[in-house]
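Asker: Got a structure for you, questions after.
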Amino acid sequence: MSKKIVVICIILITTIFTTLSAQDIVVIGQVMSAETGEALPMVNVWFKGGKTGCITNEEGFFMLRSDKPEKQLCVSVIGYRSRTITLDYGKDQMIEIFLKEESTLLDEIVVMPKQDYAIQLLEKVRENRHNNNPDNISNLQSIEKKQTYINVTNIKNRTLQRKLFNELLKGTISHSDSSHTLPVYINQTISNISISPDTSSITTIDEKQNAVKVLSTDQWKQFVAGYTPQINLYNTYSTILGTNFMSPIAKSAKSYYNFFLADSTKTESGKEYKIRVLPKNEHGLVYKGWLWIDSATYAITKADLNIANGTNVSYLNNYNYKYQATANNNIFLPVQNNQQLGLSMNLFANSNRQNITGLILTENKEYTNSNVKRETDTEYGDSIYNDSISLSLNNSMEGMWNGIDSINQTRIRKLVTWGVDLVLNQYLHIWQIDLGPICNLLHYNRLEGISPRLSLRSGEKFSRNITFGGYYGYGFYDRRHKYGGEIQWRFGPTKRNTLSLFYDHKVENYGYDDMLIYNENRVMDIDNISNSIIFKKDPTIALFKKFDLQYVYEKQGFKFKTNAFVQEIESNPFVTYIQNGRPIEKLSNAGIKFDIRLSWDERSLDFFFHRYYLSTKYPVIHFTAETGMAKVIPELRFYGKFGIYAHQNVPLGFGKLHWAFQANAIVGTVPFPLLTMARSARGAYYNNTDFMLLHQMELMSDLYVAATIRYQTRGYIFGYIPYVNKLGIKEDIIFNIGYGHLSNRHREMLEYPTFMLNAEGKPNWNNMPYIEAGFGFSNILHIGGIEFIWRVTHRDAPDAMKFGIKWFLNLDI
Numbered sequence: 141m142s143k144k145i146v147v148i149c150i151i152l153i154t155t156i157f158t159t160l161s162a163q164d165i166v167v168i169g170q171v172m173s174a175e176t177g178e179a180l181p182m183v184n185v186w187f188k189g190g191k192t193g194c195i196t197n198e199e200g201f202f203m204l205r206s207d208k209p210e211k212q213l214c215v216s217v218i219g220y221r222s223r224t225i226t227l228d229y230g231k232d233q234m235i236e237i238f239l240k241e242e243s244t245l246l247d248e249i250v251v252m253p254k255q256d257y258a259i260q261l262l263e264k265v266r267e268n269r270h271n272n273n274p275d276n277i278s279n280l281q282s283i284e285k286k287q288t289y290i291n292v293t294n295i296k297n298r299t300l301q302r303k304l305f306n307e308l309l310k311g312t313i314s315h316s317d318s319s320h321t322l323p324v325y326i327n328q329t330i331s332n333i334s335i336s337p338d339t340s341s342i343t344t345i346d347e348k349q350n351a352v353k354v355l356s357t358d359q360w361k362q363f364v365a366g367y368t369p370q371i372n373l374y375n376t377y378s379t380i381l382g383t384n385f386m387s388p389i390a391k392s393a394k395s396y397y398n399f400f401l402a403d404s405t406k407t408e409s410g411k412e413y414k415i416r417v418l419p420k421n422e423h424g425l426v427y428k429g430w431l432w433i434d435s436a437t438y439a440i441t442k443a444d445l446n447i448a449n450g451t452n453v454s455y456l457n458n459y460n461y462k463y464q465a466t467a468n469n470n471i472f473l474p475v476q477n478n479q480q481l482g483l484s485m486n487l488f489a490n491s492n493r494q495n496i497t498g499l500i501l502t503e504n505k506e507y508t509n510s511n512v513k514r515e516t517d518t519e520y521g522d523s524i525y526n527d528s529i530s531l532s533l534n535n536s537m538e539g540m541w542n543g544i545d546s547i548n549q550t551r552i553r554k555l556v557t558w559g560v561d562l563v564l565n566q567y568l569h570i571w572q573i574d575l576g577p578i579c580n581l582l583h584y585n586r587l588e589g590i591s592p593r594l595s596l597r598s599g600e601k602f603s604r605n606i607t608f609g610g611y612y613g614y615g616f617y618d619r620r621h622k623y624g625g626e627i628q629w630r631f632g633p634t635k636r637n638t639l640s641l642f643y644d645h646k647v648e649n650y651g652y653d654d655m656l657i658y659n660e661n662r663v664m665d666i667d668n669i670s671n672s673i674i675f676k677k678d679p680t681i682a683l684f685k686k687f688d689l690q691y692v693y694e695k696q697g698f699k700f701k702t703n704a705f706v707q708e709i710e711s712n713p714f715v716t717y718i719q720n721g722r723p724i725e726k727l728s729n730a731g732i733k734f735d736i737r738l739s740w741d742e743r744s745l746d747f748f749f750h751r752y753y754l755s756t757k758y759p760v761i762h763f764t765a766e767t768g769m770a771k772v773i774p775e776l777r778f779y780g781k782f783g784i785y786a787h788q789n790v791p792l793g794f795g796k797l798h799w800a801f802q803a804n805a806i807v808g809t810v811p812f813p814l815l816t817m818a819r820s821a822r823g824a825y826y827n828n829t830d831f832m833l834l835h836q837m838e839l840m841s842d843l844y845v846a847a848t849i850r851y852q853t854r855g856y857i858f859g860y861i862p863y864v865n866k867l868g869i870k871e872d873i874i875f876n877i878g879y880g881h882l883s884n885r886h887r888e889m890l891e892y893p894t895f896m897l898n899a900e901g902k903p904n905w906n907n908m909p910y911i912e913a914g915f916g917f918s919n920i921l922h923i924g925g926i927e928f929i930w931r932v933t934h935r936d937a938p939d940a941m942k943f944g945i946k947w948f949l950n951l952d953i
């Protein structure tokens, strides 16, 4: 769910700031030598048959634009063979052009270097990677200067000529071309890094930050840090946007790369080898570019890598990584670590990286004053911390800074801020009052029919640490009033503690609390009008009355939550309560719950009494416990519940694996609505932690274990079909399994309804696991997919769904 909302916010930002009219075309590229890979400056580039042209800059880059579709691009420079490049007609694109030297055109035999020696060199690099890996240095002091910025790209003149965008023209945009860039975030930091065998620390010496005010300063930092790749070529894989890319020095790299020794130069320690890195398959999750290797230590001294052209990663348009290291006490320490990540918001993928509209995230790191402690040293020297070190903006950064200031004064920035806040928090801010969540203002279900609701709370302008509010609604079918209230207080030096009191009198789904564990970013009720439209309208629901006193403590990677509650659940014509043959009007229970949440390397955005979790490649685990008593007159029983919930998105070398696991146990006796329910999809739409062909409350348990597994390829079938491969469609394999046990002792409180029993009157589990399997296609238009599911077991159950076609939203980033 976090990925979906993050992508929606990115689309909001880029869509409003980018083109509303796409008639101009833009071609951006780089011209390089085919022999050495070095950039070629002063190269003539022009559209064939036209007068529009330019020359490349010192880094070989050029940009051309045309107000009409172009078919071919001409490239020419003295000393190299001229080329004519066929363009994709009428489309923006980014291209790399390699020119051959004239001397290579003679009728003579050209001997290409063999791969054998290059492979041997890289095997030596892998054998020595433990000694050369900067992450393994345990005695280090260094100054890190980091510069991070984000731009929205491809802003067209026709866009800016529209009335809404006129105010962006003043002081924010260069007019040198019809394709513009808008800065939205800039951060410069100087830090003192100190690593010893016992401790490590990063102390910020100075920091400057400016950003478009759609998020707070801290939220921007968390968001950028969460999606900035952490690249280390000495590791087997590095993760970019939740996808693993194989390092050229990985053990199995030679199966996926071609390596060529291009050059060698003398150095103080011996030689430095230059190796050309090329993918064997342009659709693989691999790099292409150059590596430089030291002959004495087999350390990587320099790298210049891009992703392969055919890489099928959602929204990833391009990626470049540059690395440089120098020797210090015979250890090569990084002096530069730069990367640039390009995101495209197009609905159609493109193997040629043609359309460049979207976001560009750039991070440049420079390391100075680095000092490695030798084994013979007995003490550390003086700290390299220096109070006189401070940041200053260069002309480029100052221009971006002023541009952001100008954007923050515009009406369109306020519009974007309003949209992002509405998507993330679902509230409209009216003076000191918040109206929402917006989707909760209208409900529809079969129990209460159409039910409009007014929901208000005090907003952040009233108090940043306290909120109170309530809601009132009316069901036109059941003709009953629904209402509730809340008061919440954040306290403590870091505001990590929250004390809350809630009262609810509303219609709710059975198993709603378990659903929230897997949908922690949700701020709306599950039966709001948006869900009613896409879900079938007959889930198992009831009228709940509940008091809930709650305490939460949270810091990064850890959350503790406990709540004491009292609730009543009413019977209704759809889920009736029967005891000894007579109808029961309601049941009640009271108890205390505990929930410990653990996560690793997970970042979050802290909003007003709402924490929004960003995605992580590591597991998220919940340990839950509940103790209480349940009452169905005249029965009163004590019970205990225990549970483990875990889920993870695992980037793999061949795709991505999502898994979720759940285990629950109940001791004592409870009425059947308090049993563990196998989560099931409620219509054509589903979450990837649900069983897709189960009816609501079909499988209830007091002992339960389940797992849902989804493996997503990188388009191993569709990626090789011409034209279809440009759609970026990926294949999915699905396997879901659950097993449970239900004791007859719970019948002492309430009889089991017929939908929980088989034809023999026994619980539906019948000593057999429930299994689903299927396949599907995801990343359709980058927004979702469709899957075909078969019920493997329990096919003879009453009204069993043996086959289903389901769709889902999966804004994959």
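Take the sequence shown: its letters are residues 141 to 953, numbered as in this note's numbering. The C-beta atom is built at its ideal place from N, Cα and C for all residues, glycine as well.
Would you mind reading off the limits of the alpha helix (DSSP H) that contains Lys686?
Answerer: Residue 686 sits at position 546 when you count from the first residue of the sequence shown. Here Lys686 belongs to no alpha helix (DSSP H); instead the beta strand (DSSP E) covers 681-695.
Asker: By the 10 Å Cβ neighbour count, where 16 or more other Cβ atoms means buried, how is Thr607 classified, buried or exposed?
Answerer: Taking the sequence shown and counting its residues from 1, the one referred to as residue 607 is at position 467. Thr607 is buried by the Cβ-count criterion.
Asker: Got a sec? Which residues, its chain only, sit under 7 Å from Ala704 by beta carbon, not counting five neighbours each side?
Answerer: Stepping through the sequence shown from its first residue, residue 704 is reached at position 564. Within the same chain, Ala704 has close Cβ partners Leu689, Ile732.
Asker: In terms of alpha-carbon separation, which member of Thr638, Leu262, Phe698, Gln802 lies closest to Gly880?
Answerer: As a working note, residue 880 is residue 740 in the sequence shown. Comparing Cα-Cα distances from Gly880 to each of Thr638, Leu262, Phe698, Gln802, the minimum goes to Gln802.
Asker: For the beta strand (DSSP E) containing Ala351, name the first residue and the last one.
Answerer: Taking the first residue of the sequence shown as position 1, residue 351 is located at position 211. Looking at the DSSP string, the run of the beta strand (DSSP E) that includes Ala351 is 340-351.
Asker: Taking Ala800 as part of the beta strand (DSSP E), name the residues at either end of that continuous run.
Answerer: Counting from 1 along the sequence shown, the entry for residue 800 is found at position 660. Unbroken beta strand (DSSP E) run through Ala800: 795-808.
Asker: Nearest to Leu200 by CA position, among Asn350, Phe238, Ser222, is which residue?
Answerer: Taking the first residue of the sequence shown as position 1, residue 200 is located at position 60. First, the amino acid is wrong: residue 200 is Gly here, not Leu. Checking every option, the nearest Cα to that of Gly200 belongs to Phe238.
Asker: What residue from Asp746, Thr379, Gln628, Leu683 has the CA that sits closest to Tyr691's CA?
Answerer: For this step, residue 691 is matched to residue 551 along the sequence shown. The shortest Cα separation from Tyr691 among Asp746, Thr379, Gln628, Leu683 belongs to Gln628.
Asker: Name, in chain order, the residues that DSSP records as bridge partners for Gln464.
Answerer: Sequence index remark: in the sequence shown, residue 464 carries index 324 (1-based). Answer by DSSP bridge pairing, in chain order: Lys442, Gln476.
Asker: Does the region 258-275 come close enough to the region 337-352 to have 3 or more Cβ pairs within less than 8 Å?
Answerer: No, they do not touch.
Asker: Look at Ile929 and Leu833 and say whether their C-beta atoms are less than 8 Å apart.
Answerer: Walking along the sequence shown from the start, residue 929 turns up at place 789. Walking along the sequence shown from the start, residue 833 turns up at place 693. Yes; because the gap between Cβ atoms is below 8 Å, this pair is in contact.
Asker: Does the region 569-588 come into contact with the region 612-620, if we say contact requires no fewer than three beta-carbon pairs (one atom in each stretch) closer than 8 Å?
Answerer: Contact holds: three or more Cβ-Cβ distances are below 8 Å.
Asker: Look up Asp247 in the DSSP assignment and say whether it is helix, strand or coil.
Answerer: Position 107 of the sequence shown holds residue 247. For Asp247, the predicted structure reports a pLDDT of 41, less than 50, and the residue's modelled location is therefore unreliable. A value from the coordinates is still provided. In this structure, Asp247 counts as coil in the three-state DSSP scheme.
Asker: Pull up the DSSP beta-bridge partners for Tyr758, would you.
Answerer: As a first step, residue 758 is located in the sequence shown; it is residue number 618 there, counting from the start. The partner list for Tyr758 (beta bridge, DSSP) is empty, contrary to what the question assumes.
Asker: Between which residues of its own chain and Leu596 is the CB-CB distance below 8 Å, once the five residues before and five after are set aside?
Answerer: Locating residue 596 in the sequence shown gives position 456, where the first residue counts as 1. Excluding residues within five positions, the ones whose Cβ falls inside 8 Å are Ile573, Asp574, Leu575, Gly609, Gly610, Tyr611.
Asker: Could you check if Thr816 is buried or exposed, using at least 16 other CB atoms within 10 Å of its CB as the buried criterion?
Answerer: Here residue 816 refers to the residue found at position 676 when the sequence shown is read from its first residue. Classification of Thr816: buried, given that the 10 Å Cβ count is 16 or more.
Asker: Do Gln875 and Ile849 have their C-beta atoms within less than 8 Å of each other?
Answerer: The count along the sequence shown starts at 1 and reaches residue 875 at position 735. The count along the sequence shown starts at 1 and reaches residue 849 at position 709. As written in the sequence, residue 875 is Phe, which differs from the Gln given in the question. Contact: yes.
Asker: Short of 6 Å in beta carbon distance, which residues of its chain neighbour Ala805, apart from the five on each side in sequence? Order them along the chain.
Answerer: Along the sequence shown, one-based indexing puts residue 805 at 665. Phe782, Leu843.
Asker: Taking only three categories from DSSP, how would you classify Ala162?
Answerer: The count along the sequence shown starts at 1 and reaches residue 162 at position 22. With a pLDDT of only 43 at Ala162, under 50, the local geometry of the prediction cannot be trusted, and no value is derived from it.
Asker: Comparing alpha-carbon positions, which option in Ala436, Glu241, Lys240, Pro209 lies nearest Thr226?
Answerer: For the purposes of this step, residue 226 is taken as residue 86 along the sequence shown, with counting starting at 1. The option with the nearest alpha carbon to Thr226 is Pro209.
Asker: Nearest-angstrom Cα distance between Val354 and Lys411?
Answerer: Translated into the one-based positions of the sequence shown, residue 354 becomes position 214. Translated into the one-based positions of the sequence shown, residue 411 becomes position 271. Distance between the alpha carbons of Val354 and Lys411: 51 Å.
Asker: Would you mind sorting Met540 into buried or exposed? The rule is 16 or more other CB atoms within 10 Å of its CB.
Answerer: Here residue 540 corresponds to residue number 400 of the sequence shown, with the count starting at 1. Label assigned to Met540: buried.
Asker: Okay, do the region 367-384 and the region 400-407 touch, 3+ Cβ pairs below 8 Å being the bar?
Answerer: With a cut-off of 8 Å, the region 400-407 and the region 367-384 do not count as touching, because too few Cβ pairs lie within range.
Asker: Identify which residue in Ser409, Asn460, Gln349 has its Cα closest to the Cα of Trp430.
Answerer: Indexing the sequence shown from 1 puts residue 430 at position 290. Taking only the C-alpha atoms, the option nearest Trp430 is Asn460.
Asker: Does the structure place the region 858-870 close enough to the region 697-712 that three or more beta carbon pairs sit under 8 Å?
Answerer: No: the two stretches stay apart, fewer than three of their Cβ pairs being nearer than 8 Å.
Asker: For the candidate residues Gly868, Glu838, Val845, Ala846, whose alpha-carbon lies nearest to that of Gln852?
Answerer: Sequence index remark: in the sequence shown, residue 852 carries index 712 (1-based). Among Gly868, Glu838, Val845, Ala846, the Cα nearest to that of Gln852 is on Gly868.
Asker: Below 6 Å CB to CB, which residues in the same chain sit around Arg737 once its five sequence neighbours on both sides are set aside?
Answerer: Working through the sequence shown from its first residue, we reach residue 737 at position 597. Within the same chain, Arg737 has close Cβ partners Lys699, His762.
Asker: Consult DSSP for Asp545 and reduce its assignment to one of helix, strand or coil.
Answerer: By one-based count along the sequence shown, residue 545 stands at place 405. Three-state DSSP puts Asp545 in a helix.
Asker: Can you tell me whether Gln572 is helix, strand or coil according to DSSP?
Answerer: Here residue 572 corresponds to residue number 432 of the sequence shown, with the count starting at 1. Gln572: coil per DSSP, three-state reduction.
Asker: Quick check: the region 283-294 against the region 497-514, are there 3 or more CB pairs under 8 Å?
Answerer: The region 283-294 is in contact with the region 497-514.
Asker: Measuring CA to CA, which of Pro903, Ala786, Val560 is closest to Ala846?
Answerer: On the sequence shown, residue 846 is found 706 positions in, with the first residue counted as 1. For Ala846, the nearest C-alpha among the options comes from Ala786.
Asker: What residues match up with Asn327 in a beta bridge as DSSP calls it?
Answerer: As a working note, residue 327 is residue 187 in the sequence shown. The partner list for Asn327 (beta bridge, DSSP) reads Thr288, Gln349.
Asker: Would you check if the region 764-781 and the region 740-755 touch, i.e. whether three or more CB-CB distances between them fall below 8 Å?
Answerer: No: fewer than three Cβ pairs fall under 8 Å.
Asker: Leaving out five residues before and five after Ser341 in sequence, what residues of the same chain have Cβ atoms less than 6 Å from its Cβ?
Answerer: Numbered from its first residue, the sequence shown carries residue 341 at position 201. Excluding residues within five positions, the ones whose Cβ falls inside 6 Å are Ser334.
Asker: Buried or exposed for His886, please, with buried defined as at least 16 other CB atoms from any protein chain shown within 10 angstroms of its CB.
Answerer: Here the question's residue 886 lines up with position 746 in the sequence shown. Buried, since its Cβ has 16 or more Cβ neighbours within 10 Å.
Asker: Is DSSP giving Leu401 helix, strand or coil here?
Answerer: Stepping through the sequence shown from its first residue, residue 401 is reached at position 261. Looking at Leu401 - three-state DSSP - the assignment turns out to be strand.
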